[in-house]
Every structure is written in C-alpha cells, then in structure tokens.
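There are 2 protein chains.
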Amino acid sequence: MLEDKSPKKTELSSLGEFGLIEHLTRNFSLEQSTSVKGVGDDAAILQFGDRQSVISTDLLIEGIHFDLSYVPLKHLGYKAVVVNLSDIYAMNAMATQITVSVAVSNRFPLEALEELYEGIASACAIYNVDLVGGDTSSSTKGMLISVTAIGEVEKGNAVYRKGAKANDLLVVTGDLGAAYLGLQVLEREKEVYKVNPKNQPDLSMYSYLLERQLKPEARKDIIELLQKLEVRPTSMIDISDGLSSEILHLCKQSEVGCNLFEEKIPLDPTVIAGCEEFNLDSSLVALSGGEDYELLFTIGQDDYEKIKGNPNFTVIGHMTEAKEGAHLITRANTKLKLEAQGWNALN
Amino acid sequence: MLEDKSPKKTELSSLGEFGLIEHLTRNFSLEQSTSVKGVGDDAAILQFGDRQSVISTDLLIEGIHFDLSYVPLKHLGYKAVVVNLSDIYAMNAMATQITVSVAVSNRFPLEALEELYEGIASACAIYNVDLVGGDTSSSTKGMLISVTAIGEVEKGNAVYRKGAKANDLLVVTGDLGAAYLGLQVLEREKEVYKVNPKNQPDLSMYSYLLERQLKPEARKDIIELLQKLEVRPTSMIDISDGLSSEILHLCKQSEVGCNLFEEKIPLDPTVIAGCEEFNLDSSLVALSGGEDYELLFTIGQDDYEKIKGNPNFTVIGHMTEAKEGAHLITRANTKLKLEAQGWNALN
Numbered sequence: 095m096l097e098d099k100s101p102k103k104t105e106l107s108s109l110g111e112f113g114l115i116e117h118l119t120r121n122f123s124l125e126q127s128t129s130v131k132g133v134g135d136d137a138a139i140l141q142f143g144d145r146q147s148v149i150s151t152d153l154l155i156e157g158i159h160f161d162l163s164y165v166p167l168k169h170l171g172y173k174a175v176v177v178n179l180s181d182i183y184a185m186n187a188m189a190t191q192i193t194v195s196v197a198v199s200n201r202f203p204l205e206a207l208e209e210l211y212e213g214i215a216s217a218c219a220i221y222n223v224d225l226v227g228g229d230t231s232s233s234t235k236g237m238l239i240s241v242t243a244i245g246e247v248e249k250g251n252a253v254y255r256k257g258a259k260a261n262d263l264l265v266v267t268g269d270l271g272a273a274y275l276g277l278q279v280l281e282r283e284k285e286v287y288k289v290n291p292k293n294q295p296d297l298s299m300y301s302y303l304l305e306r307q308l309k310p311e312a313r314k315d316i317i318e319l320l321q322k323l324e325v326r327p328t329s330m331i332d333i334s335d336g337l338s339s340e341i342l343h344l345c346k347q348s349e350v351g352c353n354l355f356e357e358k359i360p361l362d363p364t365v366i367a368g369c370e371e372f373n374l375d376s377s378l379v380a381l382s383g384g385e386d387y388e389l390l391f392t393i394g395q396d397d398y399e400k401i402k403g404n405p406n407f408t409v410i411g412h413m414t415e416a417k418e419g420a421h422l423i424t425r426a427n428t429k430l431k432l433e434a435q436g437w438n439a440l441n
Numbered sequence: 095m096l097e098d099k100s101p102k103k104t105e106l107s108s109l110g111e112f113g114l115i116e117h118l119t120r121n122f123s124l125e126q127s128t129s130v131k132g133v134g135d136d137a138a139i140l141q142f143g144d145r146q147s148v149i150s151t152d153l154l155i156e157g158i159h160f161d162l163s164y165v166p167l168k169h170l171g172y173k174a175v176v177v178n179l180s181d182i183y184a185m186n187a188m189a190t191q192i193t194v195s196v197a198v199s200n201r202f203p204l205e206a207l208e209e210l211y212e213g214i215a216s217a218c219a220i221y222n223v224d225l226v227g228g229d230t231s232s233s234t235k236g237m238l239i240s241v242t243a244i245g246e247v248e249k250g251n252a253v254y255r256k257g258a259k260a261n262d263l264l265v266v267t268g269d270l271g272a273a274y275l276g277l278q279v280l281e282r283e284k285e286v287y288k289v290n291p292k293n294q295p296d297l298s299m300y301s302y303l304l305e306r307q308l309k310p311e312a313r314k315d316i317i318e319l320l321q322k323l324e325v326r327p328t329s330m331i332d333i334s335d336g337l338s339s340e341i342l343h344l345c346k347q348s349e350v351g352c353n354l355f356e357e358k359i360p361l362d363p364t365v366i367a368g369c370e371e372f373n374l375d376s377s378l379v380a381l382s383g384g385e386d387y388e389l390l391f392t393i394g395q396d397d398y399e400k401i402k403g404n405p406n407f408t409v410i411g412h413m414t415e416a417k418e419g420a421h422l423i424t425r426a427n428t429k430l431k432l433e434a435q436g437w438n439a440l441n
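Set out below in structure tokens:
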C-alpha cells in the first residue's frame, strides 16, 4: 500500500510549464457537445443555448506567485481577480462572475482575510462581476488563492490564440515592462528593510511602476473599444508571462511567423529611467518581464485605419509565413530569433 | 510598506468554516442578470440563454484534505474530480466540464503527475465530463489541487438547499459511514507501517470501506433515476461533511425543523462490524463521519409512492415547522437536539 509506485523519475523542470500541461492533457478529448474550446487558450469556451460561456482558472500560492512581506492583502485580492478577468477579456469576452477559494495557515487572523476580501470586492465592483462561489479552508503553509472567472461572448465573437494570418499587424495595448520593474523596486526595498526596519523610503517616484505590479488592471476597456471601432482581432492573448512568450503562443497556434520591431515596443518614460537605475535593458524587460496584463492581438491590414492614431494601441510588428520564423528586428536592424524566456531571462 | 496593517487579531477558528465564508461574503451582492444563485449552496447557477449553467469549485491541499502516504495518486485524481461533480449533481444538474489546476513542490517527478492525471481522465470518462482548462505550477510545499466543475440544468429544474417544507420526507441514498471507517483503517495501517515497514497487511475484509474512502463515486445515477421516476426533490445537498451537518444546512436554508430517526439511518454490515472493531458508535459515524458523497433530499409526501421500495432510497425522517427544531429520535425513543459536529465529534 505504501510502496513507491513511481519508480521512473523525470524532473518536472525538464518539460517547462507549457510543455507539462500539454503533456498531461494530451489524451483528453472533448466529448460534450457544449465544449467548444478546451485546454490551450487563455480560457475555455462552452456553448449553453445561444450564448457562449468562457471559463478561466488560476491558482496563486504564497512564496511562488506573491510575497506577503510587501504585497498588501487588499491589493493581493484585487490582483488575484484581475489576472483571471484578463484571461476572459483576452477571448474578446465580457467577464460576468467569479468564484474564489482561499486557504490559509493558522498564522492569519480574520482581519487578514477581511482585507483580502475587500480587495476582491473592489475588483468585483470595478469590473462589474459577481462573486458566486468558493470556500475557505486551512493550509499547512501560507496562503493559497484559487480564482475561476466566467464570462460570456456571442457565438462567433470569441477570439482565440489561433487565427492570425501572414501580413496581419501585431498590436499591443498600453506599455510594457513597468510591472517587472515595480517588482525590482519592491525586492530592493525588502532588502533595505531587513537591514534597517525603521527606514521609511520615499517611493513616490516609482508610483507608476509599483501600481502596475501591485494593482494591475485588466483591459476590459479595450474589448469595449474594439467593439465600438468594429475591429475583430484575428488572434489575441493577454500578456502575463512577457511579450516574447505571448507572441510565440500566437505564432505556434496560428501557424505563422512574426517580425517584431524593437523600436516600436511601447515603454513608459519611468520604465526607461528605472531600467537605467537598475542597469537593465528596457527591451529585455518588456520582452520577458511579464505581469503587464496588456492585450496582444493581430488584425488584418484592412483594419489599420480604424486603430491608427489611437493612443491605446501600438503596432509593433507583423505576422509572416510560418517558415520565416519569429524574429525581433533590433534598433541596429539585426534580426534575432525570438525566444520565450519568460522570467528566466531576468533571473 | 511593511508595517502590520491588521492590529486586530481574531482567530479564524472562532468562526468555523461556514461562519467564515458567510462573514467574508456578506457584503457581496449579485448584480449581473445572469447570476441566478451565488455563494451558499452546493454550486452557483448562471443563466446563459435558455439553459442554466452550474459552477462548483474546490481546493484540496496535501496534509489537510489528503495524505499521500496512503492515497494512491490515481485515486486522488479521481476523487478530486468526483467530489466536485457531487456538488453539481446535488443541484439536480448534469456535470459537463471541469477545469483542474495542480501545484506541486519539486519532490514530485513527472510520473507522479501522470498518475494523478490518469485518475482525472478516468473520472472524466466514467462521468462523461470534459477537461477544458487549468494549469500546473510550483508550490513551496506538497501538492495542491483546485477543481472547478461546470454543469447544466434546464431552467426551473435546479434544486437548492432551500425549498423543504414541513411534513416533507427526508431521504438519503446509499449507506453512510463507510468512508470515515475506511479512513480509520488507513490511519491504523499507517501507524503499523511506521513500526514495521515490511508488514503486508491483508485488507481484503475492509475493501468496501477502503473503496468508499479512496475512490468514492458521485450519484449521477440518482439524478437520472429521479428524473425517470418524475420526482423533483424540494431541497437537496450532498453528504460531504456528515449527515447531521447537511441536515442542518437544509433546515437552516429552508427554514424548517426536522425529526431524524436513528433506526432508519442506512448502514452497511461492514460498517457495523468496523464500528465494533474500532469501538465507535455507528450512528455517530454516520451522523458525523462525512465524505460519503451520497445525496440527501426532501420530497413532498405525494411522491412517496414513487420511491417506495427502491433500494437506492431510505426515508430517514421528516421535516417539521422551524420552531420545533432539528432532532434525532434515538432507538431508545429519546429526542436529542441535532448538532453539526462534522469531524470534530470523532476527534
């Protein structure tokens, strides 16, 4: 009964996150007539009646996904909801409900959970979603938060990672890299605090970076704007792991290549200043930093006129035939193969 | 930034699981027109088009909800799915999809996750549900599994915890207490193993008890049977925490009382024998043991003829006016107040 039934040992790290879930779910097929889209996109799509529901779920773990020594619980609750809503919007859908399960060890008093739920309530109010389920339980270590988001989209309107065509334009919303730099500021202050707990640092110059890290927003406004502009992206994804990783997801699932232009990547001035201070390459931060929760999508060239000049959008490249591969065209006009480095590139 | 923002400290244990989630969600209201039923039942109900979707979610934590020293990973995967499906069936709905998120520390090799997903696949095949989403990530300690189940039900057919009327009959499916006794056998064998790892115990006499604990089934068949018999329960819940706790949920939400007859509680002969061996009271085990995943429901007296004599069902009591309270009528004809002891009663 207690023998080791797994004599073969393959290190999980040898597969990587995306390889792992693909491997584990390779034999699962969709049998239900209501299952439209399963594993492998930002969210799943289910067809109930004439509307489609969209489902996305995320498990956040203290010490892996967040550090309570500098993340206020209210912000954590807010962010846990927002990152899930972002996946729903990335399907061109509107989020409608969430469920939240929380587990905590006995070091947390009720007031800590109240703060967390204040943040959850705040996100629910701002994004107009209802909390409809979930539970609380004990954990052996730290805090765990599992959020499932549900949304809806009219049949035919969902946008997948698959769908980009060669010559489509690659568009990103907002600016990139600030969330990662915000994390660098917080990590540095944590070290300072360890040495001198009485130090009260002035972090006001980093307020944009910190806000992007601690209290990110999901781009519900963009989904509404695209509808108003009558632009239907050919493919879409949200930027949680970093620009290069997300571009490669679009390329792989759409079976296309891509040319990304370094000089086009939108950077906030505080990101450029912060990169100088931390001695980081700002393009690398944008490409690999992640957690920006902006939307990355492709549109047909015909739609360019509709988005041209809108400050929400930046065209950063175009898709190519698959055989051409995915490349970054640097400011020096060198062509580099795009690689999904995610966080690893910066560690 | 790093100061303690929660000077008030209230121990979570002072509220209990049900009190806690009620407290934390007391200020959340349902604003979306598609939100039919939120927190506080076995599952949430959403209205998309003419069909209703049902959503339930559960977070399982190693060391809290399962012990990998005696639970095979394949069974764990199976059970993690089944306990969520049980919540969907408890709404009189059919489960259609699940999402699964798993986090593991680096002590787990790929083969361990493969075993877990074998069990998940097996449950998906047997209950005819599709895995449509989820992810894998790292944990700082042990294994965590978060499952969200989605189902559907025709408008007007969902059965809530609320709805029982005075004089309705209280009905339970299958038999109770075996899952708890199975756990006792496993805990005992774990202690034996610690002393003598080479001991190969013969557990064949406990096979029913062990199966109920390690590989429980959800009562999809009962939902199909009730439909065939044209019986629509007035209220329903699944038995995860123990009979007495679930009865009190029905009473509270339906605003009724209850008389439960000890002599009517269905017990398998192996449960009676096991209770003698472990020196436990079999009624207490059935009332407080939990994890049986049977269905508990109420029906109008007019429906009695339809279920009479069916071996799947046992009438164990009847509902009363709320002011009469909830009571256990013992074999000695004593009337005891029913209390939600859950696991605590047996620890």
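Keeping their order, the protein sequence lines are chains A and B.
Here my numbering = 1-based position in the first sequence + 94.
Here my numbering = 1-based position in the second sequence + 94.
Using N, Cα and C, we set each Cβ at its ideal position, and we do this for glycine too.
The CB of P203/B comes closer than 8 Å to the CB of S100, K102, K103, T104, E105, L106 in chain A, given here in chain order. Residue pairing of F142/B in beta bridges, as defined by DSSP: R145/B. The DSSP assignment places complete alpha helix (DSSP H) segments of no fewer than 4 residues inside the segment 100 to 127 of chain A at 110 to 118, in order along the chain. Under the Cβ criterion of 8 Å, Q278/A is not counted among the residues facing chain B. Counting other Cβ atoms within 10 Å of its Cβ, S338/B reaches 16 or more and is therefore classed as buried. Out of N261/A, M330/A, G411/A, the CA that lies nearest to the CA of G394/A is found in N261/A. Annotated three-state conformation of V266/A is strand, per DSSP. When DSSP reads this structure, T424/B sits in no beta bridge, so it has no partner. Minimum Cα-Cα distance from P363/A among the listed residues E285/A, D269/A, D397/A corresponds to D269/A. Residue burial annotation: Q126/A is buried, with at least 16 other C-beta atoms found within 10 angstroms of its C-beta.
Against A137/B, the close residues of chain A are G227, in the order they occur along the chain (beta-carbon pairs closer than 8 Å).
For F160/B, there is no enclosing beta strand (DSSP E), since its DSSP letter is neither H nor E.
Cβ contact annotation for V409/A (same chain, cutoff 6 Å, sequence separation greater than five): L263, V265, in chain order. Apart from the 5 residues on each side of it in sequence, F122/B sits with its Cβ closer than 8 Å to the Cβ of G132, V133 in its chain, given in chain order. Measuring C-alpha to C-alpha distances from T267/B to each of S150/B, L162/B, I359/B identifies I359/B as the nearest. A174/A has a beta carbon lying at 8 Å or more from every beta carbon in chain B. Relative to R145/A, the option among L297/A, S195/A, V350/A, G245/A whose CA is nearest is G245/A. D224/A has Q191/A as its beta-bridge partners, per DSSP. Per DSSP, the continuous beta strand (DSSP E) segment holding E248/A begins and ends at 237 to 248. Closest option to E209/B, judged by alpha-carbon separation, among K168/B, A197/B, K235/B: K168/B. Contact note: V133/B reaches chain A through L225, V226, G227, G228, using a C-beta cutoff of 8 Å and chain order. For D144/A, the nearest beta carbon of chain B is closer than 8 Å to its own beta carbon. The C-beta of Q307/A has 16 or more other C-beta atoms within 10 Å across all chains shown, which makes the residue buried. From the beta-carbon of Q307/B, no residue of chain A is found nearer than 8 Å; the closest lies around 13 Å away. Here S231/A carries a strand assignment [DSSP, helix/strand/coil].
Beta-bridge partners of V409/B (DSSP): V265/B.
Excluding its 5 nearest sequence neighbours in each direction, N406/A has C-beta neighbours in its own chain below 6 Å: T267, listed in chain order.
Taking the C-beta atoms as reference points, V350/B is found nearer than 8 Å to A258/B. At a cut-off of 8 Å between C-beta atoms, S298/B does not count as an interface residue with respect to chain A. Taking 8 Å as the threshold, the shortest C-beta distance from G157/B to chain A falls below it. One alpha carbon belongs to G419/B, the other to L354/B, and they sit about 11 Å apart. By DSSP's assignment, V198/B forms a beta bridge with S232/B, M237/B. When C-beta distances to chain B are compared with 8 Å, the residues of the segment 229 to 247 of chain A below that value are D229, T230, S231, S232, S233, T234, K235, G236, L238, S240, T242, I244, E246, in chain order. With the criterion set as a beta carbon lying under 8 Å from some beta carbon of chain A, the members of the segment 198 to 222 of chain B are V198, N200, F202, P203, L204, E205, A206, L207, E208, E209, Y211, A215, C218, N222, in sequence order. At a cut-off of 8 Å between C-beta atoms, N251/A does not count as an interface residue with respect to chain B. Considered as a whole, the segment 254 to 315 of chain B harbours 263 to 267 as its complete beta strand (DSSP E) runs of no fewer than 3 residues, in chain order.
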